[in-house]
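Numbering-wise, the sequence shown is residues 2 to 132 according to this note's numbering.
By construction, the Cβ of each residue, glycine as well, lies at the ideal position given by its N, Cα and C atoms.
Shown next, in structure tokens, is the structure this report addresses.
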Amino acid sequence: MEPIAAAMTGPVVSWEPHLSQELGISTGANWKAGDRKPGTADLAVTGTHPVTLGIPAKVRIFTTNGPEWSTVNADGVVGTALATVSGNGNFVAVIATDDRVELPFAYSSQSSLTEYGWLLFQNAVGWATTR
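Shown next as structure tokens:
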């Protein structure tokens with residue numbers, strides 16, 4: 002893979018875990034794809050940041066038939082862990098650095114985001130465009 006992402010300047014919102022190391026969001030490929038079972042798409046918001054503004058402490062971001070989603074192992078996080086998989090704090094789903102945010106979405110996520118999933122996305126884009 003070419004190091005294109007690392008050369009990006011300015012804020013970046015990513016939902017591609019394979020780029021998280023290159024973007025400086027994690028220390029390696031310690032990511033895990035979440036499954037689609039009901040209740041596995043719940044987040045536990047652990048950090049205060051413009052990206053999590055208005056998001057409850059525990060929230061479902063996908064419908065129960067949501068897509069697979071990605072997380073980074075807690076020991077691989079660079080920056081601030083803003084949300085983990087509810088019930089498993091080792092899987093970090095939302096990460097922020099000074100100018101990067103990693104979201105737990107997949108390419109097909111838009112079809113199954115809840116209102117809070119959309120709010121998370123909107124907050125991330127809003128944060129990135131006002132930096």
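Query raised in the report: Where L83 and S112 are concerned, what is the direct C-alpha to C-alpha distance, given to the nearest angstrom?
Result: By 1-based counting over the sequence shown, the position of residue 83 is 82. By 1-based counting over the sequence shown, the position of residue 112 is 111. Rounded to whole angstroms, L83 to S112 spans 24 Å at the Cα level.
Query - Assigned exposure category for P105 - 16 Cβ within 10 Å defines buried - result: Locating residue 105 in the sequence shown gives position 104, where the first residue counts as 1. The residue is buried, with at least 16 neighbouring Cβ atoms inside 10 Å.
Requested in this report: Tell me where the beta strand (DSSP E) around L83 begins and ends.
Outcome: As a first step, residue 83 must be located in the sequence shown, where it is residue number 82. Segment T81 to V86, the beta strand (DSSP E) holding L83.
Query - Backbone secondary structure at L104 - three-state DSSP - result: On the sequence shown, residue 104 is found 103 positions in, with the first residue counted as 1. Looking at L104 - three-state DSSP - the assignment turns out to be coil, as it is neither helix nor strand.
Query raised in the report: Just how far apart, CA to CA, sit V102 and G11?
Result: Translated into the one-based positions of the sequence shown, residue 102 becomes position 101. Translated into the one-based positions of the sequence shown, residue 11 becomes position 10. Those two C-alpha atoms are separated by around 12 Å.
Query raised in the report: Can you check whether the CB of D99 is closer than 9 Å to the CB of G77?
Result: Residue mapping note: residue 77 aligns to position 76 of the sequence shown, counting from 1. Residue mapping note: residue 99 aligns to position 98 of the sequence shown, counting from 1. Contact flag unset, no.
Report task. Kindly identify the DSSP beta-bridge partner or partners of A97. Result -> Position 96 of the sequence shown, counted from the first residue, corresponds to residue 97. BP columns for A97 point to T81 and V102.
**Report entry** alpha helix (DSSP H) segment containing A125, residue limits
**Finding:** Reading the sequence shown from its first residue, position 124 is the one you call residue 125. Segment E116 to T130, the alpha helix (DSSP H) holding A125.
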